[in-house]
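See below for the structure under consideration.
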Amino acid sequence: MQHSALAQKPLTHLDRLEAESIHIFREVAATFAKPVMLYSIGKDSSVLLHLAMKAFYPAPPPFPLLHVDTTWKFREMIAFRDRMAAELGFDLLVHINEEGVREDINPFDHGSNTHTHIMKTVALRQALDKHGFDAAFGGARRDEEKSRAKERIFSFRNAQHAWDPKNQRPEMWKIYNTRIAPGESIRVFPLSNWTELDIWQYILKENIPIVPLYFARKRPVVERDGMLIMVDDDRMKLRPGEEIEERIVRFRTLGCYPLTGAIESEADTLEAIVREMLTAQTSERQGRLIDRDEAGSMEKKKREGYF
Amino acid sequence: MHVKPEMPREDAELRDYLTHQEEKSLLRFITCGSVDDGKSTLIGRLLYDTKLIFEDQLAALGRDSQKYGTTGEDLDFALLVDGLEAEREQGITIDVAYRFFATPKRKFIVADTPGHEQYTRNMVTGASTADLAVVLVDARQGVLPQTRRHSFIASTLGIRHLVLAVNKIDLVDYSREVFERIVADYRSFAADLGFRTIVPIPLSARFGDNVTTGSKNMPWYDGPSLIHHLETVEIGADAEKPLRFPIQYVNRPNLDFRGFAGTVASGSLAAGDEVVVAKSGQRSKVKRILNGSAEVGKAGEGSAITVLLEDEIELSRGNMLVAPMARPHVADQFTARIIWFGERPLLPGRQYILRTETDSTNATVSELKYRVNINNFAHEAAKSLELNEIGECNISTQTPIAFDTYAENHVTGAFILIDRMTNATVGAGMIIHPLRRAENIHWQALDVDRNKRAELKNQKPAVLWFTGLSGSGKSTIANLLEKKLAASGRHTYILDGDNVRHGLNRDLGFTAEDRVENIRRVAEVAKLMTDAGLIVLVSFISPFRAERRLARELMEEGEFAEVFVDTPFEECARRDPKGLYARALKGEIKNFTGVDSPYEAPENPEIHLETLGRSPEEMVEALERWLEERESADGRHDDRN
Ligand SMILES: Nc1nc2c(ncn2[C@@H]2O[C@H](COP(=O)(O)OP(=O)(O)O)[C@@H](O)[C@H]2O)c(=O)[nH]1
């Protein structure tokens, strides 16, 4: 018997994070009847997908991906989504809140709050109920926002999909309580302990494909409410005095185009993005209109079933 | 104000820089202590001083400080971490917050844990994965009950490094005396908690003294700043532990691939290594190891890998691959320390779900050994564990689990308890040692008792004590009875004087003392057998009333029947099956019953068999009738026919 006598080198920081995430993926696959992975097409989702592929290699991930489409995503995001599904061969479900579409719910007339609630939160609940998923992976990180910093990796939701922040299950070691009653579910966050910088470093290291909107390019934008909003299609009505300008911009985070601010940047490679990250003076949420609506807005949305 | 360090400009430089970042070690720590001792403020200060707060977050902090702050015009750093609405409104920490920051030397994950006893579960959540605890004490208050409590929990969870942060030192005029008094106080009770390092630091979270830099206000202090200590403390990489690879998921995409996926809990493994399945002892060799899609030669602690073996062996989730020469315990009983979070108390005998990292089984607390008094760490007798109490107990699982002690291995020595009705996580457990069955008699008494065993055998245990002269017919009758009972499905055993004298009682002779001891032992054995649910036929001359009374008194009421096999001396001496009477009458055997030693006939035997003129079958029928009457009188087994 020849036993590996030499001690292993300790894992690097990214190896550690990767191993933890893979462990979480496998735990869900082993203990839940019907898991699903929420796929929002952004960089975190790209990392999530990459990790899921690794966790079950050579098998494909044993669960489908679900994209909740608000119908206001950047066109490049949808194209990227369909390309990835074709290349990697995963099972992609797309859900749109048809009621919302019939009522023409949109961020311009109804405001970001109502739009997000109906087209994202309610739509998500509809999709989860329709398929009867008992566990749903999301790409949220604890460094994103204060109420996220408080959330468990396995986060319990009651039958109404609501989060009760004051009554979370204790979560000791890597021992996860995966038991739920019928109708209840768990939201699972494999990237909980990653930071934005970790995400970019990992994308760089593993060469993970991401939506081109993250790279600086000349794009048509207008300045609105102190943000640079990209004019992605002709549903975007200009307000008096607004003018479309071509500027070199990129996005730190992606969502519905009318609600997502671009930043002026020259970073057109992954290296340049990481370098920019290292010197950033503001958080990525700066570019998201929805979090500025009110203090504690993220917690409130989460309690209602938002991811 | 927030100037980041010089950044690499070239791609090559950037990659070097990132590699260096990558190889930094990680320290996970918690801040704990009583409410208002300044935990959240300290973390906010750490994040701020290590330039981890973005401008927009700082602006938000400014707004929040006006609205909820407790620091007047200044920024209230606690609001950087108290992220829940209820926390901000009540100004308390309810749940643990995880924060990430780095210095040029190390990366840190800090868990800010709540101070209220009510939220112990959240404190334990943070502490379970920490290498070090920063215990805060308000310099004005000194050591409080929560300081002890949190120190004890940290110690119980295996945290070995501790910083005693004497905070708000600004409010006691940076007094050395106050600091030293608190340190002495703390050391006096923490001495027994098993911390390898206790580093006391006087600091002001609010103003930053000794947080990231030294302090002009305390020239008397020459120890490290908090950050300096956190950056440099050696979290002793223990000697390499033996391989533990808990199977998490079996990956079987096609018939040619059967991969065992999991995270290496300790040790390492390489292709070609011999490994053993913990629960079955089956051996195999590692064929391949996959890390993601990449084949690797070797993998160590913390790696999430997929292992392929040379042989098709039985192995599934909940089991482990381990080093052949150093295997874990596999047992269904062990002693563990429990921290209880349930609203309803922990009760011995109630069933819970026990979950280890990958295994799950039903479990019962068979015995609650003691509860820890959090004020003086004394062990107190207890019948239950209430919310937030800590105790030590014996646990019995429905199926055996593979484990190490928590002291040896935190991954394989820990478990949680889940309420079967509500699915709530109600307890955290740390295994102290396995139990051999004999050490855990309580459990035996608790669930499977003599009634249960008798019930399983569908009979009422009894001792039929055959007494009579040598050659009176005791053994003949007992043997025939046993055959008939066995034929009707009864479970029996015969204790025969001669047989027992060859084994158990080999050391005894025929003196008065030895005779008594002889009977005592046989009676004790018979008693254990009735406990086991058997019908015991004891065939012993047992000439003295006192001996037979001794036997009777050992048994449960109604379970003992004296059977007097009454054959006259002359008849016995005439039969003399073993030639013993002849020799005794010649004086060759001393102390022979009926010859030179008396036989005291029973005065009130349950059954009196006068053997002269009756066949053994007749007499056995009489005994059977007696047994049957006894059973149906009890009404317990009338479903038998
Ligand atoms: N003067 C002074 N006040 C402090 C210090 N640290 C914390 N505080 C104040 O003590 C109060 C409680 O602090 P907080 O961080 O919320 O305590 P926690 O409950 O342990 O998280 C707040 O009003 C802080 O501003 C300190 O070093 N000096």
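Here the protein sequences come in this chain order: A and B.
First residue of the first sequence: -11, per the working numbering; consecutive thereafter.
First residue of the second sequence: 562, per the working numbering; consecutive thereafter.
Glycine included, C-beta positions come from ideal geometry on N, C-alpha and C.
Residue i versus residue j: straight-line alpha-carbon distance, rounded
| i | j | result |
| --- | --- | --- |
| B:N1116 | B:L1056 | Residue identity check: residue 1116 of chain B is Met in the sequence provided, not Asn. Taking the straight line from one Cα to the other gives about 16 Å. |
| B:E1114 | B:Q1020 | 22 Å |
| B:V1077 | B:R1014 | 30 Å |
| B:E534 | B:D770 | The displayed coordinates of chain B run from 562 to 1202. Any statement about residue 534 of chain B would go beyond what the structure contains. |
| A:L(-1) | B:E583 | 9 Å |
| A:R14 | A:M72 | 22 Å |
| B:L1170 | B:E1190 | 17 Å |
| A:R205 | A:L247 | 19 Å |
| B:E1192 | B:D1075 | 36 Å |
| B:P1166 | B:Y931 | 49 Å |
| A:F249 | A:R212 | Note on identity: in this sequence residue 249 of chain A is Gly, with Phe being the wrong assignment. Approximately 9 Å, taken between the alpha carbons. |
| A:D152 | A:K162 | 22 Å |
| B:G1140 | B:N955 | 57 Å |
| A:I84 | A:T104 | 12 Å |
| B:E1000 | B:I850 | Model confidence at B:E1000 stands at a pLDDT of 41, short of 50, so the residue's coordinates are unreliable and nothing is read from them. |
| B:L869 | A:M65 | 38 Å |
| B:A694 | B:T592 | 6 Å |
Chain B contact residues for residue i, given Cβ-Cβ distances below 8 Å
| i | result |
| --- | --- |
| A:K240 | The identity of residue 240 of chain A in the sequence shown is Arg, whereas the question assumes Lys. The premise fails here: A:R240 is roughly 11 Å from chain B at the closest Cβ pair, so nothing lies under 8 Å. |
| A:H1 | Q582, E583, E584, K585, L587, K668 |
| A:R157 | A985, T986 |
For residue i, the nearest candidate out of the options (CA to CA)
| i | options | result |
| --- | --- | --- |
| A:R207 | A:R157, A:A137, A:N155, A:Y245 | A:Y245 |
| A:L330 | A:A74, A:E132, A:P95 | Summary: the structure shown does not reach residue 330 of chain A, with chain A confined to residues -11 through 295, and so no result is reported for it. |
| B:S1100 | B:A1093, B:G1094, B:A1107, B:A1112 | B:A1112 |
| B:L1030 | B:E969, B:A1134, B:N936, B:L996 | B:A1134 |
| A:G126 | A:F142, A:R4, A:N195 | A:F142 |
| A:Q189 | A:L242, A:V35, A:V110 | A:V35 |
| B:H1052 | B:D1075, B:G1094, B:R1011, B:R1067 | B:G1094 |
| B:L587 | A:K108, A:H149, A:N181 | A:N181 |
| A:I232 | A:E292, A:V210, A:F239, A:E87 | A:V210 |
| A:R76 | A:P197, A:T257, A:A255, A:I251 | The question names Arg, yet the displayed sequence has Leu at residue 76 of chain A. Residue A:P197 is the option with its Cα nearest to A:L76. |
| A:H55 | A:D70, A:F44, A:A47, A:Y45 | A:D70 |
| A:E139 | B:F590, B:L791, B:E1171, B:T686 | B:T686 |
| B:N984 | B:L908, B:I899, B:L619, B:Q912 | B:Q912 |
| A:W60 | A:I93, A:A47, A:R291 | A:I93 |
| B:R997 | B:A884, B:F806, B:T867, B:S957 | B:S957 |
| A:M215 | A:R223, A:L185, A:I251 | A:I251 |
| B:H890 | B:P906, B:D965, B:A855, B:T1072 | B:D965 |
Residues that residue i contacts on chain A, provided the C-beta gap is smaller than 7 Å
| i | result |
| --- | --- |
| B:I977 | M160, I163, N165 |
| B:L851 | Y45 |
Interface partners of residue i on chain B, CB under 9 Å
| i | result |
| --- | --- |
| A:V296 | Since the first residue of chain A shown is -11 and the last is 295, residue 296 of chain A is not available in this structure. |
| A:N181 | Y659, F661, I670 |
| A:R90 | Those do not exist, as A:R90 stays about 34 Å from chain B at its closest Cβ, beyond 9 Å. |
| A:E252 | Within 9 Å Cβ-Cβ: nothing; A:E252 doesn't reach chain B, min ~16 Å. |
| A:V262 | L575, L579 |
Any non-hydrogen atom of ligand 2 closer than 7 Å to residue i Cβ
| i | result |
| --- | --- |
| A:R4 | Because ligand 2 does not appear in the structure shown, any question about it cannot be addressed here, the ligands present being ligand 1. |
Per-residue contacts from residue i into chain A (C-beta, under 9 Å)
| i | result |
| --- | --- |
| B:L827 | Looking at the sequence provided, one finds Ser at residue 827 of chain B rather than Leu. In chain order: nothing, as chain A lies at least about 11 Å away. |
| B:S864 | Q(-4), L(-1), D3, A7 |
Chain B contact residues for residue i, given Cβ-Cβ distances below 7 Å
| i | result |
| --- | --- |
| A:D131 | F661 |
| A:I168 | N984 |
Chain A residues whose Cβ lies nearer than 8 Å to that of residue i
| i | result |
| --- | --- |
| B:L548 | Chain B is shown from 562 up to 1202; residue 548 of chain B falls before or after that span and cannot be answered. |
Notebook entry, point to check: Are three or more beta carbon pairs between the region 571 to 581 of chain B and the region 694 to 703 of chain B nearer than 8 Å?
Noted result: no
Notebook entry, point to check: Which of the residues in the region 35 to 53 of chain A, read from start to end, lie with their CB under 7 Å from any CB of chain B?
Noted result: K42, F44, Y45, P46, A47
Notebook entry, point to check: Any residues in the region 800 to 814 of chain B with a beta carbon nearer than 7 Å to a beta carbon of chain A? Which ones, in chain order?
Noted result: E801, Q809, Y810, N812, P814
Notebook entry, point to check: Are the region 1170 to 1185 of chain B and the region 1034 to 1048 of chain B touching, with three or more C-beta to C-beta distances below 8 Å?
Noted result: yes
Next item on the list: Could you name the residues of the region 9 to 20 of chain A whose beta carbon sits closer than 7 Å to any beta carbon of chain B, in the order they occur along the chain?
Entry: I10, H11, R14, E15, A17, A18
Notebook entry, point to check: For the region 682 to 705 of chain B, which residues have a CB atom closer than 7 Å to at least one CB atom of chain A, in sequence order?
Noted result: R682, N683, V685, T686, S689, T690
Notebook entry, point to check: Going along the region 907 to 926 of chain B in order, which residues come within less than 9 Å of chain D, judged by CB to CB distance?
Noted result: In the structure shown, chain D does not exist; the protein chains are A and B.
Checklist line | Three CB pairs or more closer than 8 Å across the region 667 to 681 of chain B and the region 588 to 605 of chain B | finding: yes
Item checked: Any 3 or more C-beta pairs closer than 8 Å across the region 977 to 991 of chain B and the region 1058 to 1074 of chain B -> no
Next item on the list: Could you run through the region 947 to 964 of chain B and flag, in chain order, every residue whose CB is less than 7 Å away from some CB of chain A?
Entry: none
Checklist line | Near-chain A residues of the region 872 to 901 of chain B (beta-carbon distance less than 7 Å), N- to C-terminal order | finding: R878, A884, P885
Item checked: the region 838 to 847 of chain B contacting the region 867 to 886 of chain B, beta-carbon criterion three pairs below 8 Å -> yes
Check: If you pair each beta-carbon of the region 936 to 955 of chain B with each one of the region 109 to 125 of chain A, do three or more pairs fall below 8 Å?
Finding: no
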